[in-house]
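K.L.:
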Amino acid sequence: MDNQVLVVEDDIISMKLFNAILNKYGFSVLKATNGAESIESLMNNKIVAAILDLALPDTSGFEILKYIRNHPIHKNIAILIVTVNHDKLDTILGLEMGADDYITKPFHHRELIARLNASIRRSQAIEDKTGPIIAFHDLEINVNKRIIKKNNEVINFSFKEFEILYLLASNPGKVIHRQTILDKIGGLDYSPDTRVVDMHISSIRKKLGDTKKQKHYIDTVSGIGYRFRE
-5 MDNQVLVVED
5 DIISMKLFNA
15 ILNKYGFSVL
25 KATNGAESIE
35 SLMNNKIVAA
45 ILDLALPDTS
55 GFEILKYIRN
65 HPIHKNIAIL
75 IVTVNHDKLD
85 TILGLEMGAD
95 DYITKPFHHR
105 ELIARLNASI
115 RRSQAIEDKT
125 GPIIAFHDLE
135 INVNKRIIKK
145 NNEVINFSFK
155 EFEILYLLAS
165 NPGKVIHRQT
175 ILDKIGGLDY
185 SPDTRVVDMH
195 ISSIRKKLGD
205 TKKQKHYIDT
215 VSGIGYRFRE
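Sequence positions in the sequence shown follow this note's numbering and run -5 to 224.
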């Protein structure tokens, strides 16, 4: 869906308020009450914006903000931070870290929607300028639609496979460390064995038609990670 908004809020009453307002104005709401749930939603959904309460039970809202802005797929989405009247320093820090705007509790529903829509328009303008499609010979990666084509035929990739391939393809010629790939696709506290990356790469290569003898897209850099060919 192209109208999904992630709301990260641990207060039940506030969450109900956000949900009612956003639904009224045509948005679909993905709810998260902590950092782990927010990362899970980001990993499995396409969203146009995130509304972040900075005070969460298991992690700082700043960490989620940082995660989104460093994410290969979601880095340009609109982000609103939620503050209270006495949190001026938090507001400034959030804006410096990449939030598009802020909303202060208590707020009027029209102010929330006005700020949200303005932020979404700015984020979509950024997407238009950066270009949502990466092309490499016979391979085409459409970021917004999350579609990968080879010779104009769609290839089905899992969510994480898409993110890994996009990360590599958006940095052609650059060696990407295995741990960096894990950090990008796993979440705030995700640190499994790096061989998980190798398994994903193996699946990606198979779908792209790469073999041990002929690698057209992804090179292995022994002991370090992987590199997408220029």
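The beta-carbon is built from N, C-alpha and C at its ideal position, and this holds for glycine as well.
Every value quoted in this text rests on a predicted model; they were computed, and no experiment measured them.
Would you please state the rounded distance, in angstroms, between the beta carbons of residue 45 and residue 74? I believe it to be under 8 Å.
P.N.:
With a Cβ gap of about 5 Å, residue 45 and residue 74 count as contacting.
K.L.:
Label residue 198 either buried or exposed according to how many other C-beta atoms from any shown protein chain fall within 10 Å of its C-beta, with 16 as the threshold for buried.
P.N.:
With 16 or more Cβ atoms within 10 Å of its Cβ, residue 198 is classed as buried.
K.L.:
Return the bridge partner residues of residue 130 from the DSSP annotation.
P.N.:
The partner list for residue 130 (beta bridge, DSSP) reads 133.
K.L.:
Which residue wins for smallest C-alpha separation from residue 171, given the options 18, 119, 191?
P.N.:
The candidate whose alpha carbon is nearest that of residue 171 is 191.
K.L.:
Look at the alpha carbon of residue 28 and the alpha carbon of residue 137, and state the distance between them as a whole number of angstroms.
P.N.:
One C-alpha to the other measures close to 27 Å.
K.L.:
State yes or no: is the C-beta of residue 23 within less than 8 Å of the C-beta of residue 2?
P.N.:
It is not a contact, given that the beta carbons lie outside the stated cut-off.
K.L.:
Is the beta carbon of residue 67 closer than 8 Å to that of residue 42?
P.N.:
No.
K.L.:
Does the Cβ of residue 152 have 16 or more other Cβ atoms within 10 Å, making it buried, or fewer, making it exposed?
P.N.:
Flag for residue 152 reads exposed.
K.L.:
Classify residue 157: buried if its beta carbon has 16 or more other beta carbons within 10 angstroms, exposed otherwise.
P.N.:
Buried, by the Cβ-count rule.
K.L.:
When you compare the CB positions of residue 169 and residue 218, do they come within less than 8 Å of one another, or not?
P.N.:
For residue 169 and residue 218, yes; Cβs fall inside 8 Å.
K.L.:
Report buried or exposed for residue 131, applying the criterion of at least 16 other Cβ atoms within 10 angstroms of its Cβ.
P.N.:
So residue 131 ends up on the exposed side.
K.L.:
Cβ of residue 26 within 7 Å of any heavy atom in the ligand FAD?
P.N.:
With respect to the ligand FAD, the structure offers nothing, as it holds no ligand at all.
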